[in-house]
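*Asks:* This is the structure, below, for whatever I ask next.
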Amino acid sequence: IDYKTSTHEGGDLEGFLQQEVGRYRSQLRRYREIYQQLERDADVRTALYFPLLQRFVEIDAASGS
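Numbering-wise, this note's numbering comes out as the position in the sequence shown, counting from 1, plus 54.
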C-alpha cells in the first residue's frame, strides 16, 4: 500500500483517482517485483490509499488494469 496525500478539488473524484492510478502504476509494479524477489511464494497485491479522501484503490500492477 502506497499512501498518497493528494488533494482533489472539483467534481470528478473517480476520474481523479484513475488518473492517480495511471500516474503511480509503474512505481507500484516496481515495488511488487522487488517484494516478489524477496518473498517468492507471496501473493503480492498493490494499492493506493488516499487518507485525505478516505479512498483505497487496489491496483493490478501486474496486468496494468
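Ideal Cβ placement from N, Cα and C applies to all residues, glycine included.
1. With a threshold of 16 other CB atoms inside 10 Å of the CB of Tyr-78, please say whether the residue is buried or exposed.
2. Measure the alpha-carbon distance for Glu-68 versus Thr-59 and round it to whole angstroms.
3. When the Cα of Ile-55 is compared with those of Leu-92, Thr-61, Tyr-85, Arg-94, which residue comes out closest?
4. To the nearest angstrom, report how far apart Gln-72 and Ser-80 are at their CA atoms.
5. Quick one: residues in its chain with C-beta nearer than 8 Å to the C-beta of Gly-64, no 5 flanking neighbours on either side, listed in chain order?
6. Quick one: what's got a C-beta closer than 6 Å to Tyr-103's C-beta in the same chain, skipping five residues either side?
*Replies:* Looking at the atomic coordinates:
1. For the purposes of this step, residue 78 is identified with residue 24 of the sequence shown, where counting begins at 1. Buried, since its Cβ has 16 or more Cβ neighbours within 10 Å.
2. For the purposes of this step, residue 68 is taken as the residue at position 14 of the sequence shown. For the purposes of this step, residue 59 is taken as the residue at position 5 of the sequence shown. Their Cα atoms are separated by approximately 16 Å.
3. Counted from its first residue, the sequence shown places residue 55 at position 1. That would be Tyr-85, whose Cα lies nearest to the Cα of Ile-55.
4. As a first step, residue 72 must be located in the sequence shown, where it is residue number 18. As a first step, residue 80 must be located in the sequence shown, where it is residue number 26. Rounded to the nearest angstrom, the two C-alpha atoms are 14 Å apart.
5. Within the sequence shown, the letter at position 10 stands for residue 64. Non-local beta-carbon contacts of Gly-64 in its own chain, meaning distances under 8 Å to residues more than five positions away in sequence, involve Phe-70 in chain order.
6. Start at 1 with the first residue of the sequence shown, and residue 103 comes out as number 49. Residues Ile-55, Tyr-57, Phe-110 of the same chain have their beta carbon placed closer than 6 Å to that of Tyr-103, with the five preceding and five following residues left out of the count.
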